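Heads up, the sequence shown is in the UniProt record's numbering, so the first residue is 1 and it goes up one at a time. Ideal Cβ positions, reconstructed from N, Cα and C, are used throughout, including at glycine. Just so we're clear, the structure is a prediction, and the values are computed from it rather than from any experiment.
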Amino acid sequence: MPQSENIQIAAIEDPDVSETFQLIPKSFGQDAPFMNAYYLNHETPEGLAQGAKRFLAWKQSSAQSTFLKAVSTLDGGEKIIGMAIWTYMNKQPPQNLEEAEGKDEIQ
Numbered sequence: 001m002p003q004s005e006n007i008q009i010a011a012i013e014d015p016d017v018s019e020t021f022q023l024i025p026k027s028f029g030q031d032a033p034f035m036n037a038y039y040l041n042h043e044t045p046e047g048l049a050q051g052a053k054r055f056l057a058w059k060q061s062s063a064q065s066t067f068l069k070a071v072s073t074l075d076g077g078e079k080i081i082g083m084a085i086w087t088y089m090n091k092q093p094p095q096n097l098e099e100a101e102g103k104d105e106i107q
């Protein structure tokens, strides 16, 4: 009899960031303008590395955000299969990316 899949929801921990960030290009490809603009070249090795670095910095600096992962335990192993981020916005965010993170961070 095949083993059933169990999905658990847990907080994304710092060591999970690289694996979790890889879900972005797998999920969106080039079909999400926001992701394409915010995480430049996210489908390349360099873009994945830079994006994961920025994602980790966001996670570590945003007390208003909750970062969650969905973990599958099919066949006894664990694999991150999804993620979600909720942010409580207590003020209007900057209207362009340079104001939010600094021009050097998004190049």
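Query raised in the report: Quick check: the stretch 70–79 against the stretch 24–39, are there 3 or more CB pairs under 8 Å?
Result: The stretch 70–79, when compared against the stretch 24–39, does not touch it at the 8 Å Cβ threshold.
Query raised in the report: Which of the three DSSP states, helix, strand or coil, is assigned to T44?
Result: Numbered from 1 along the sequence shown, position 44 holds the residue referred to as residue 44. When DSSP states are grouped into helix, strand and coil, T44 belongs to the coil group.
Query raised in the report: Which value, in whole angstroms, describes the spacing of the CA atoms of I7 and T20?
Result: The residue labelled residue 7 in the question sits at position 7 within the sequence shown. The residue labelled residue 20 in the question sits at position 20 within the sequence shown. So the two alpha carbons sit approximately 15 Å from each other.
Query raised in the report: Quick one: Cα of residue 119 to Cα of Q22, how far?
Result: In the structure displayed, the chain extends from 1 to 107; residue 119 sits before or after that span and is not available.
Query - Cβ separation of I12 and K69, assumed to be a contact under 8 Å, to the nearest whole Å - result: Start at 1 with the first residue of the sequence shown, and residue 12 comes out as number 12. Start at 1 with the first residue of the sequence shown, and residue 69 comes out as number 69. So it is a contact: roughly 5 Å between Cβ atoms.
Query raised in the report: According to the neighbour-count rule (16 or more other Cβ atoms, all chains shown, within 10 Å of its Cβ), is K91 buried or exposed?
Result: Here residue 91 corresponds to residue number 91 of the sequence shown, with the count starting at 1. Looking at its Cβ environment, which holds fewer than 16 other Cβ atoms inside 10 Å, K91 is exposed.
Report task. Return yes when the C-beta of L48 is under 7 Å from any heavy atom of the ligand SAH, and no when it is not. Result -> Absence of the ligand SAH is noted for the structure shown, with no ligands found whatsoever.
Query raised in the report: For the candidate residues H42, D16, S18 and E46, whose alpha-carbon lies nearest to that of F28?
Result: Translated into positions along the sequence shown, residue 28 becomes position 28. When each option's Cα is compared against that of F28, the closest is H42.
Query raised in the report: What are the start and end residues of the beta strand (DSSP E) that includes I24?
Result: The residue labelled residue 24 in the question sits at position 24 within the sequence shown. In the DSSP assignment, I24 falls outside any beta strand (DSSP E) and lies within the alpha helix (DSSP H) extending over L23 to F28.
**Report entry** Three-way DSSP call (helix, strand, coil) for A10 in this model
**Finding:** Along the sequence shown, read from residue 1 onward, the residue named residue 10 stands at position 10. Three-state DSSP puts A10 in a strand.
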